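Since the structure comes first, as structure tokens, the remarks are kept for the end.
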């Protein structure tokens, strides 16, 4: 949906996605190293633009670009969607290869959800094969809730997903730990700027 | 520090951070190790820097996709 929820972090910020992001979204999401874990990715910039037009009309759907504060470069994208009362899902998370924005962007999306959007629970649904991201959510403090059998079809193959949940109360203890890692990653990211 | 010593230190860090048995001579690729997620990666970089007394550039950090590339990067830093 069209929204104006922005959040600045340490080295990165969340800003609302704009039509001008369509090409970058397609480029990142169709990268072969990621696309095997991602469903429903428009195949062209034109198709992505049509998807964004529908997204702008959809309530309860917040899509952001992750941007470097230092130079405005786009690091990736993520979103909170399917808002249902005080619950929602977060995902559509993709970052440029070797990005140092993972911890901070995850921290920012939780801050946006629990802070600016007033949510009480955020879930993630990650394909079981995407083991590094499943592990990431667990290390962030999310609680694994269940396995969703046949959650997604990519090509002709059905995939299970792991559903994990972060509640506002868990975030009170998990958030500072993730923020600490984000600060260390931000220090690494700033080296090239400082240099 | 010669390459064997660098490799030993890198694997010591990887074992500690990833909580996995690793040993020099058995290269690890980040893509093959689920425990080597984005959070672990940051810990590994700092721990290797501290252990080897080097500091990587962001460009080098972006290229660290496994134990061998970390050993190479440390060696380049030590030789510089």
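Protein chains in written order, with the numbering used here: chain V, 815 to 1009; chain D, 959 to 1038. By construction, the Cβ of each residue, glycine as well, lies at the ideal position given by its N, Cα and C atoms. Owing to the predicted nature of the structure, the values given are computational and were not obtained by experimental measurement.
Using a Cβ-Cβ cutoff of less than 7 Å, which residues in the same chain neighbour residue 839 of chain V once the five nearest sequence positions on both sides are dropped? Within the first chain, residue 839 of chain V is the residue found at index 25, counting from 1. The residues are 862, 891.
Compile a chain-ordered list of the residues in the segment 982 to 1009 of chain D whose CB is closer than 9 Å to at least one CB of chain V. So the close ones are 988, 989, 991, 992, 993, 994, 995, 996, 997, 998, 999, 1000, 1001, 1003, 1004.
Close Cβ partners of residue 900 of chain V (< 6 Å) along its chain, the five nearest in sequence each way excluded: Counting from 1 along the first chain, the entry for residue 900 of chain V is found at position 86. The residues are 933, 934.
Strictly below 8 Å CB to CB, what residues from chain V border residue 1020 of chain D? Start at 1 with the first residue of the second chain, and residue 1020 of chain D comes out as number 62. Chain V residues near residue 1020 of chain D: 911, 912.
Quick check on residue 1027 of chain D - is its C-beta less than 8 Å from some C-beta in chain V? As a first step, residue 1027 of chain D is located in the second chain; it is residue number 69 there, counting from the start. Cβ-Cβ to chain V under 8 Å: no for residue 1027 of chain D.
Rounded to whole angstroms, what's the CA-CA distance from residue 844 of chain V to residue 988 of chain D? Just pull it up for me. As a first step, residue 844 of chain V must be located in the first chain, where it is residue number 30. As a first step, residue 988 of chain D must be located in the second chain, where it is residue number 30. If you take the alpha carbons of residue 844 of chain V and residue 988 of chain D, they lie about 21 Å apart.
Are the C-beta atoms of residue 956 of chain V and some chain D residue less than 8 Å apart? Position 142 of the first chain holds residue 956 of chain V. Answer no: the Cβ-Cβ gap between residue 956 of chain V and chain D never drops below 8 Å.
Delimiting residues of the alpha helix (DSSP H) encompassing residue 962 of chain D: Within the second chain, numbered from 1, the residue matching residue 962 of chain D stands at position 4. Counting along the chain, the alpha helix (DSSP H) containing residue 962 of chain D begins and ends at 961 to 976.
What does residue 1002 of chain V reach in chain D if we use C-beta pairs closer than 9 Å? Your numbering for residue 1002 of chain V matches position 188 in the first chain. Near residue 1002 of chain V (Cβ distances below 9 Å), the residues of chain D are 1000, 1003, 1004, 1014, 1016, 1019.
Bridge partners for residue 979 of chain D per DSSP, in chain order? Here residue 979 of chain D refers to the residue found at position 21 of the second chain. According to DSSP, residue 979 of chain D bridges with nothing at all.
Considering Cα atoms alone, identify which of V:837, V:835, V:911 is closest to residue 847 of chain V. If you number the first chain from 1, residue 847 of chain V lands on position 33. That would be V:911, whose Cα lies nearest to the Cα of residue 847 of chain V.
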